[in-house]
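Chains as they are written, first to last, in our numbering: chain E, 1 to 304; chain H, 305 to 749; chain W, 750 to 1045.
All C-beta atoms in this analysis are idealised placements derived from N, C-alpha and C, irrespective of residue type, glycine included.
Source: prediction; values computed, not measured.
What follows is a set of notes on a single structure, which appears directly below.
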Amino acid sequence: MAYFLQQLINGLTLGSIYGLIAIGYTMVYGIIGMINFAHGEIYMIGAFISVITFLVLGELGISYIPLALVVVLLCTMVLTGVWGWTVERIAYRPLRGSFRLAPLISAIGMSIALQNGVQVSQGARVKPIQPIIQGGLTLFHQGDFDVVVSYLQIFILVLTVALMIGFTWLITRTSLGRQQRACEQDRTMAGLVGVNVDRTISMTFVMGAVLASVAGLMVTLQYGVIDFYIGFLAGMKAFTAAVLGGIGSLPGAMLGGLLIGLIESFWSAYFTIEYKDVATFGILVLVLIFRPTGLLGKPEVEKV
Amino acid sequence: MTVQVKDTSAATAPNVLFPALKEAFIASLLIVALGLPLLGLKADNQGPDLVLTKRWDLLGIAVAVMFVGRFVLAFLRGQKAARQGGLPQEKKKSGDNSIARLLNQNAKVLGLLGLLCAILMPFVIPDANARYVIFISTTFMIYIMLGWGLNIVVGLAGLLDLGYVAFYAVGAYSYALIATHFGWSFWICLPLAGLFAAFFGVVLGFPVLRLRGDYLAIVTLGFGEIIRVILINWGPVTGGPNGIGGIPAISFFGIEFSRGEGGFASDFGLEYSSMHKIIFLYFVILGMAVLTNLFTQRMRKLPAGRAWEALREDEIACRSLGINPTNIKLSAFALGAMFGGFAGSFFSVRAGFISPESFTFIESAVILAIVVLGGMGSQMGVVMAAALIVLLPETFRQFAEYRMLAFGVAMVLIMVWRPRGLLAFREPTIRLHPKDHQASVKEAA
Amino acid sequence: MVFQSLARPTDVKVPSDALMEVEHLTMRFGGLTAIDDLSFTARKKEITAIIGPNGAGKTTVFNCLTGFYKPTVGRLTLVHPQKGIHLLERMEGFRIAQQANVARTFQNIRLFPQMTVLENLIVAQHNALMKASAFSLAGLTFLPRYSSAEKEAVELAKYWLNKVGLYDRADWEAGNLPYGDQRRLEICRAMCIRPVLLCLDEPAAGLNPRESLQLNDLLLGIRESEGVGILLIEHDMSVVMEISDHIVVLDHGRKISDGTPEFVRNDPTVIKAYLGEEEDEELPTEVAQDLAGGAA
């Protein structure tokens, strides 16, 4: 029981991270109907920017942790957002309305370029970072097993909930959100009634990148090591989460993320850790075959 | 009249400079924002810790290059627009494809010439670097085969397969396992490995080929990764991370390339040379590659091949014509996988040793880059691109770590510039009229 | 085999001259009912037109008939002159064209734009050629069996190209043809599967008056000399009233009228559906003239 509870907590933490990345996939898919293959790399870039910002703060002698966290969070969000914007501008916008495979291939190219660009500029070795938020609450003991919620996990969960609230507000209450939803339903019509479609699509990429960058920061704090390759697997899993939740659905992406996080941590705890990625992938294939619309997705009517 | 023209040019001259400066300035600001953390600063490993290295010079160079480049571009564009009297520019239609046309229309002649060179090559190169040249050429041939195989899937059928390396791996491992466990000869193992790979193609393809294009891409991407995970973790069969060694070498239809009695050299009255085996393997791969090419060319003219291309163009129209999309996609997927499997066997037999390291996503990306760079559907393009991708890094070894970066950037740029690939050119599979007829009709119309 | 017997029962009763019998067809998308209990018969060697205001559910009927949508309720019986009865609602999409020989065109033309005109017509004969080449295996070996089959396919393509005047441009990329030629080529391509029923979704859309007249001749020719039944969705009344033998009028997914052009033109419910409930003199006369115009 205690072991189970601990895995539940770990799974939810991991799931929050996947969910934040998955939202980026789902939003971009919703608006331009395409998988942004480079999204996992945006998350990786977010993680690198957060590590570097921590180092800069360390050099400046800022050691008050809450302040440092806020500064790093803001820097990471802004700078990664710029990366998200740039990726859309270079690799996707010129290809709107082009040959069907072209944007997909350019996305792959972008993903390879970002991954290797970071490898070349930052080095291939893993980047370890000192734990920043330490300690935790012991919920209860059972035998010699403690169920612990670390402060870090609380931080991650609270931050995720806060972001979700802010994000929901952004989508449902602001003009940007309305434009975004309008483009999602009918891009041509939205353009005709005066929505700046290009700008809205750019903003969608920026929003996705911002959320992914927070996930990057969380991973840096949680695991303490990152490298240029983390975007690949995390992107894969977050995409699975988006499909599981129903691609195009924002709550679905979060739900899918949490489920994938839980499945992964329980699989690692009770089965073999080596095959945990295989498990996630198996879920992706099963969902695509038996319920391609996912848990919360709307059925897609083929336009003939 | 002349005065008016002068007036406009005088009025637009300052209008060209300032927007260009502004554009360059904004672009440089963007580079600062992008490059500040990742280019200007570096998290350097120092023992167990990270230290911050500052590289402002690097960032400065990047900003300067961006500023100058962007300025020149914007300035030239502005001047051109001013010369055209401020009229909006006519959009050029996806680049000029006269080179692509020339290369592809003379593909037969060029192909035969290339083949002749490839056949003569082992006999004319100086002995000193023969081993190295043949080694590289064999790699080149393997990549051509992989490129032609993937071309069926991506270029003809329009299915984006990001896990092609999985079939390459299945081919390589099945060859290695069959050859080491049963000791069967190369000529039995090769088709078996191809069939195994095709079988895997069908097994994977059957559930996922009914999915939309981009779902297919990500599932194949995942499949490629899963195969690698299984190869690493399934120690008892695959040898785990250490791989499989001692894979038997190729034989001359049963006669081993060994020293002494009963070997190839003594049977044919030649002096023993370790080069015989390498050259023979090279010729076998060359033969297989030619076969792959002929096969694909022939398939294009058969109903299944035409249906591949039709499916790439419009799947809904295909269904309305009674074409079973799943079967047609499966056939393309399985055939592509089979050629991947053949190439895998060659990889196995040449190295004598395989490990999961050779079958990463990067490898899939390289093969895809060959197809995309060359021009989807173009056989000639694949050869050119394979040459570029295999031979260039060999000549510029010191830039090895930039290789993948360059691939990625090239893929994006080529898609933006020519979405169907550099040498994309489609020759009709059947004609009603001779080639010059077409031109005369066009002129008449 | 189980599948076959389900789709081709022997105990289904239909009128003897029926080619396509639609019974109680209903299609719902979530809460929206696009077609509501529609029944009509398309007879052999006749041109049956489906007309109705925009959004009446006409294209949805086609999508059900040709297997792109599975109807929520209803039976779609096709009486094939040679192969007998097929229940289309039970058949997988592509099999409707393959086995029941129902061909269709699309409202927004769907050619294979990068392939040539001739290749478009040969791809349409895929199933016959596939059989002749033994699923491409025999084709690989250069046996004469395939090349003669391909020659036959080219002959059929030539026949249709000559009919619509595209013979000279057979080697053009289909995407480079002018709009009207693309429409005609799509009809030829549909005819190349040798259909018994041809479903045309707004074939006259975007054509000029001269091209519309040519289209009339082409369609009448298809009915007369090929003996193929035609099901037609069209807004251009000059086409509909001129060539149809039988008109079905839809409004909001329901059938409101069914009969000869003469009957439909004078049916008060049809006029009401097109003109609206209130008697408004300005706009309606135009539409009324449009409705009547074709016959004049």
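In this structure, F599 of chain H sits away from H580 of chain H, with a CB-CB distance that is not shorter than 8 Å.
The contact set of G117 of chain E on chain H, defined by CB atoms closer than 7 Å, consists of L709 in chain order. Straight-line spacing of the CA atoms in M254 of chain E and G626 of chain H works out to 41 Å. W:F789 is the residue among W:P944, W:F789, W:N803 and W:R777 whose C-alpha sits nearest the C-alpha of A767 of chain W. The beta carbon of Y477 of chain H sits no closer than 8 Å to any beta carbon of chain E. One finds nothing in chain E with a Cβ atom closer than 9 Å to the Cβ of Y447 of chain H; even the nearest lies about 17 Å away.
When CB distances to chain H are screened at a threshold of 7 Å, the residues of the segment 75-89 of chain E falling below it are L79, V82, W83 and T86, in chain order.
Residues of the segment 117-132 of chain E with a C-beta less than 9 Å from any C-beta of chain H: G117, V118, Q119, V120, S121, Q122, G123, A124, R125, V126, K127, P128, I129 and Q130, listed in chain order. The DSSP assignment places 568-571, 579-604 and 607-617 as complete runs of the alpha helix (DSSP H) inside the segment 546-619 of chain H, in order along the chain (cut-off: 4 residues).
Beta-bridge annotation (DSSP): H835 of chain W is paired with W:L827. In chain W, no part has a C-beta under 7 Å from the C-beta of P323 of chain H; the shortest such distance is about 37 Å.
Look at V70 of chain E here: in three-state DSSP terms it is helix. Taking T13 of chain E as reference, the option from E:T86, E:T160, E:A2 and E:Y43 with the minimal CA-CA separation is E:T160. If only complete runs of 4 or more residues are kept, the segment 108-196 of chain E shows the alpha helix (DSSP H) at 151-173, 175-185 and 187-192, in order along the chain. Annotation: the segment 987-1017 of chain W contains the following complete segments of the alpha helix (DSSP H) (minimum length 4 residues), in chain order: 1010-1015.
Under a criterion of Cβ atoms nearer than 8 Å, the residues of chain H adjacent to T53 of chain E are, in order, P341. Cβ contact annotation for G609 of chain H (same chain, cutoff 6 Å, sequence separation greater than five): M603, in chain order. Residues of the segment 521-549 of chain H that bring their beta carbon within less than 9 Å of a beta carbon in chain E comprise A521, I522, V523, L525, G526, F527, E529, I530, V533, I534, I536 and N537, in sequence order. Contact annotation: in the segment 967-979 of chain W, no residue has its CB less than 7 Å from a CB in chain H. A Cβ of chain E is located within less than 8 Å of the beta carbon of Y519 of chain H.
Contacts with chain W at 8 Å (Cβ-Cβ) include P732 of chain H. Taking a Cβ-Cβ threshold of 9 Å, the residues of chain E close to N349 of chain H are G123, R125, V126, K127 and P128, in chain order. Under the 10 Å beta carbon count, P660 of chain H is surrounded by 16 or more other beta carbons and is classified as buried. One Cα belongs to K739 of chain H, the other to A919 of chain W, and the distance between them is close to 11 Å. Between G261 of chain E and G252 of chain E, the C-beta spacing is not below 8 Å.
Its chain contains T815, G816, L837 and V851 as the residues whose beta carbon lies nearer than 7 Å to that of I845 of chain W, once the 5 sequence neighbours on both sides are disregarded; these appear in chain order.
In this structure, G679 of chain H sits away from I112 of chain E, with a CB-CB distance that is not shorter than 8 Å. Identification of residues in the segment 664-695 of chain H having a C-beta nearer than 9 Å to some C-beta of chain E yields F665, I666, A669, L672, A673, V676 and M680, given in sequence order. V694 of chain H is not a Cβ neighbour of V686 of chain H, given a cutoff of 8 Å.
None of the residues of the segment 769-799 of chain W has a beta carbon lying less than 7 Å from any beta carbon of chain H. Assignment of C493 of chain H by DSSP, reduced to helix, strand and coil, places it in the helix class. Among the residues of chain H, those whose CB is under 7 Å from the CB of A91 of chain E are V716, following chain order.
Nearest CB-CB separation between G842 of chain W and chain H: below the 8 Å threshold. Remark: three or more beta-carbon pairs, one from each stretch, lie closer than 8 Å, so the segment 476-493 of chain H and the segment 537-553 of chain H are flagged as touching. Note: E772 of chain W is bridge-paired with W:R824 in the DSSP secondary-structure output. Spanning the alpha carbons of I365 of chain H and I9 of chain E requires a straight line of approximately 47 Å.
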